[in-house]
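Heads up, the thing below is written out as structure tokens.
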Ligand SMILES: Nc1nc2c(c(=O)[nH]1)N[C@H]1C(S)=C(S)[C@@H](COP(=O)(O)OP(=O)(O)OC[C@H]3O[C@@H](n4cnc5c(=O)[nH]c(N)nc54)[C@H](O)[C@@H]3O)O[C@H]1N2
Ligand SMILES: Nc1nc2c(c(=O)[nH]1)N[C@H]1C(S)=C(S)[C@@H](COP(=O)(O)OP(=O)(O)OC[C@H]3O[C@@H](n4cnc5c(=O)[nH]c(N)nc54)[C@H](O)[C@@H]3O)O[C@H]1N2
Ligand SMILES: [Mo]
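In full-length UniProt numbering, the protein residues as written are 1 to 652.
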């Protein structure tokens, strides 16, 4: 049964009762790691936290929450930079789209997706590359379907025939980790077929000659051998994309969650440079971002190398602006990424972590190692809305209000649109707003921060970020959200970025975009006779990330974790749906029931990481990180599958 059949409810399910998380209603502390938590007053919990953080000056890191508002992320990064005097602040963007931001920045000087959602409805060719938007970006996918109904041709490039691929004209089911081979072959075919947009390449790009030489060996037949996709299908995609009047190239984690994620992104961007499919209405590049406000978190400076407004920390003029706005020195060097912070726990140079709305004990690759590292800290404070696995490791747990429905503020989506969110329900128990908690702690550590409300935070951000300056709360209401850049309080910019590339003399208005010179490099975790199966991990429609917010509630869709195999492999192992097997990698081993999915191919298995309390998938994944972006290769592990019983419980 394919993913799409399942999506439509065409099967029987067995409820595996995933864990239900309890909403936090009051602060928790514990006196030592061997003891259990006890309820504490806010005063006691915050005093304890202030002492723990003060003792770790110089060895502190913050994880900021991409589910929470822009305003909260602004205050969180300011807390790290001003109160704790460090740029060690990062978020789940590191596990996710950091390669997109790095790749787009290297090519265009800005890390944002270049197009707006509406443009996908007015385009001719849509390429969904390593993206299962039908499941992971259902709102965006509605716009995609409008485009398709309007005549756009859609291609899906994904090792699995996903629910998204079912809607495509053509599915290119490539081998995991062969995207650069595929992209280079498409590039070569475009060049050889004489379909290059030469005027655009001459005017708006640099490095074409080097690129041409780079892709020359990537004939369609070599690409077929490496990717497993028939040459004719690759050729068809190349011609459709290059000949289209307008084309949108969308990608997500199938591209970024690799040890060479940034290179993958560059390889895709190259195709838009060859054809001029960027910088004008209907043509562009869309890395569909992950959590609802991960775009905003980065824009607000909750990353180690950028100040709010995505302004470079190493620029002395920019630093000076913030130093006078905040009346505080700013460290003149980039902080540690989330990945580097975990490494620094290992060597003892990071001693305390303030974790706001992240669950790294379950979301990091090689989670056993991650838990061990978190345990080694002198002080861990977790501020969340649920008692997560990470919170269970903490010294202090602070209950927050949810960024969604319990808090005022703004968030920023994948098309760079800033939108208001509003409080609609009261938070439970003694839960307090993230910003409130941060300001209270700042006070205890000698910084008197007073914000009347979220709008006051937003106006401070506007005063230091030219891209956000024109977005008053009133205007956000009036326009139902505004995309950045928005430098003035009257008028709006075009919905797409990099129009300068189409101006007669782009050199005057900004630099041309360089082709990325990147090589095909297969996954780090090689399959061999001991670990013969390629495991890729990802998402399902019915659950969310580590399952904290989507775990135990009654849903007709939810069905717990399975290791999904193609029918041939299931037969080869002699296993049936619902039968438990042992899944082992070079790092760990878990028990999981089998599911059979006709969207998979022999040698390829799929698991989610939504039910880590039942099946901790990340014990299997490898911490092989992209050296540029720090993102781990969640999409490619080598595993072995063993039958554990001869009479497993079969699912009818
Ligand atoms: N329902 C739901 N929606 C979500 C989430 C959720 O947990 N549940 N999480 C949110 C978050 S944080 C994020 S970042 C996004 C992620 O959104 P997506 O990136 O769309 O989700 P994934 O399922 O992780 O991965 C996408 C696809 O990559 C494919 N893939 C694997 N390896 C490769 C490869 O080597 N090459 C190519 N081309 N493709 C490959 C997988 O088969 C998968 O279909 O979703 C967001 N939306
Ligand atoms: N195997 C595998 N692992 C993966 C991935 C994969 O594809 N495969 N994908 C990776 C990706 S893309 C991501 S983004 C990460 C996700 O990793 P995490 O961000 O660590 O996981 P989430 O489950 O999204 O955790 C979000 C937390 O925020 C809390 N929260 C929600 N709203 C608020 C709020 O307003 N305030 C506060 N204080 N807390 C709040 C929730 O209760 C929850 O505990 O996982 C990564 N791990
Ligand atoms: Mo993500």
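Cβ coordinates follow ideal geometry from the N, Cα and C atoms, glycine included. These numbers come from a predicted model, not from an experiment.
- Report the residue ranges of all alpha helix (DSSP H) runs contained in full by the region 202-286; include only those spanning at least 4 residues, in chain order. 208-215, 220-227, 231-243, 253-256 and 261-275
- Message: What does DSSP give as the partner residue(s) for residue 355 in the beta ladder?
- Response: Residue pairing by DSSP places residue 355 opposite 63 and 382 in a beta bridge.
- residue 296, DSSP secondary structure in three states: Helix.
- Any idea what DSSP makes of residue 612, helix, strand or coil? When DSSP states are grouped into helix, strand and coil, residue 612 belongs to the coil group.
- Item | residue 575 in three-state terms, based on DSSP | coil
- Query: CB-CB under 6 Å to residue 128, same chain, minus the five flanking residues each way: which ones, in chain order?
  - Reply: Excluding sequence positions up to five before and after residue 128, its CB lies within less than 6 Å of the CB of 156, 164 and 250, all in the same chain and listed in chain order.
- Task: Would you check whether ligand 3 has a heavy atom nearer than 7 Å to the C-beta of residue 95?
- Result: yes
- Task: Output yes or no for whether 8 Å exceeds the beta carbon distance between residue 406 and residue 432.
- Result: no
- Cβ-based burial, residue 523 [other Cβ within 10 Å; buried from 16]: buried
- Beta-carbon contacts of residue 681 that lie in its chain and below 8 Å, excluding the five residues immediately before and after: Shown here, the chain extends from 1 to 652; a query on residue 681 therefore has no answer.
- Query: What are the boundary residues of the alpha helix (DSSP H) that includes residue 74?
  - Reply: For residue 74, the enclosing alpha helix (DSSP H) begins and ends at 70-78.
- Query: Can you find a CB in chain D that lies within less than 8 Å of the CB of residue 406?
  - Reply: Here there is only one protein chain, and chain D is not present.
- Message: I need the DSSP call for residue 132, collapsed to helix, strand or coil.
- Response: The answer is coil: DSSP assigns residue 132 none of H, G, I, E or B.
- Query: Who are the Cβ neighbours of residue 177 in its own chain at under 7 Å, not counting the five residues just before and after it?
  - Reply: 258, 522, 523 and 636
- Message: At the level of alpha carbons, what is the spacing between residue 639 and residue 150?
- Response: The straight-line gap from Cα to Cα measures roughly 43 Å.
- Item | Same chain only: Cβ atoms within 6 Å of residue 238, ignoring 5 sequence neighbours per side | Once the five neighbours on either side are set aside, the close Cβ partners of residue 238 are 186, 189 and 190.
- What are the residues that DSSP puts in a beta bridge with residue 593? DSSP lists 580 as partners of residue 593.
- In terms of residues, what are the limits of the alpha helix (DSSP H) holding residue 45? 42-54
- Counting only runs that start and end within the region 428-513, where is the alpha helix (DSSP H) found for 4 or more residues in a row? 434-444, 454-464, 473-478 and 506-509
- Express the C-alpha separation of residue 288 and residue 182 in angstroms, rounding to a whole number. Looking at the backbone, the Cα of residue 182 and that of residue 288 are separated by about 21 Å.
- residue 389 versus 547, 136, 601 and 240, residue with shortest Cα-Cα distance: 547
- Same chain only: Cβ atoms within 7 Å of residue 691, ignoring 5 sequence neighbours per side: For residue 691 there is no data in the structure shown, the boundaries of the chain being 1 and 652.
- Alpha carbon to alpha carbon, how far is residue 613 from residue 642? Between residue 613 and residue 642, the C-alpha separation is close to 21 Å.
- Which residues in the same chain have their Cβ closer than 7 Å to the Cβ of residue 453, if we skip the five residues on either side of it in sequence? 408
- For the putative contact between residue 227 and residue 175, defined by C-beta atoms under 8 Å, what is the C-beta separation to the nearest angstrom? 6 Å
- Pull up the DSSP beta-bridge partners for residue 90, would you. 63
- In or out: residue 324 buried (at least 16 other Cβ within 10 Å) or exposed? In summary, residue 324 is exposed, with fewer than 16 beta-carbon neighbours lying within 10 Å of its beta-carbon over all protein chains present.
- Query: Any heavy atom of ligand 1 closer than 7 Å to the Cβ of residue 611?
  - Reply: no
- Item | Selection from 148, 498 and 623 that minimises the alpha carbon distance to residue 166 | 148
- Task: Provide the residue(s) that pair with residue 640 in DSSP beta bridges, ordered along the chain.
- Result: Bridge partners of residue 640: 584.
- Comparing the CB of residue 332 with every heavy atom of ligand 1, is any distance shorter than 7 Å? no
- Using a Cβ-Cβ cut-off of 8 Å (strictly less than) and excluding sequence neighbours within five positions of residue 650, which residues of its own chain qualify? Residue confidence for residue 650 is low, a pLDDT of 44 falling below 50, so the modelled location carries little weight and cannot support an answer.
- Query: For the alpha helix (DSSP H) that residue 102 lies in, which residues bound it at each end?
  - Reply: 98-108
- Per-residue burial, residue 314 [other beta carbons within 10 Å of its own, 16 or more giving buried]: exposed
- Item | DSSP-derived helix/strand/coil call for residue 634 | coil
- Should residue 275 be labelled buried (16 or more other beta-carbon atoms within 10 Å of its own) or exposed? buried
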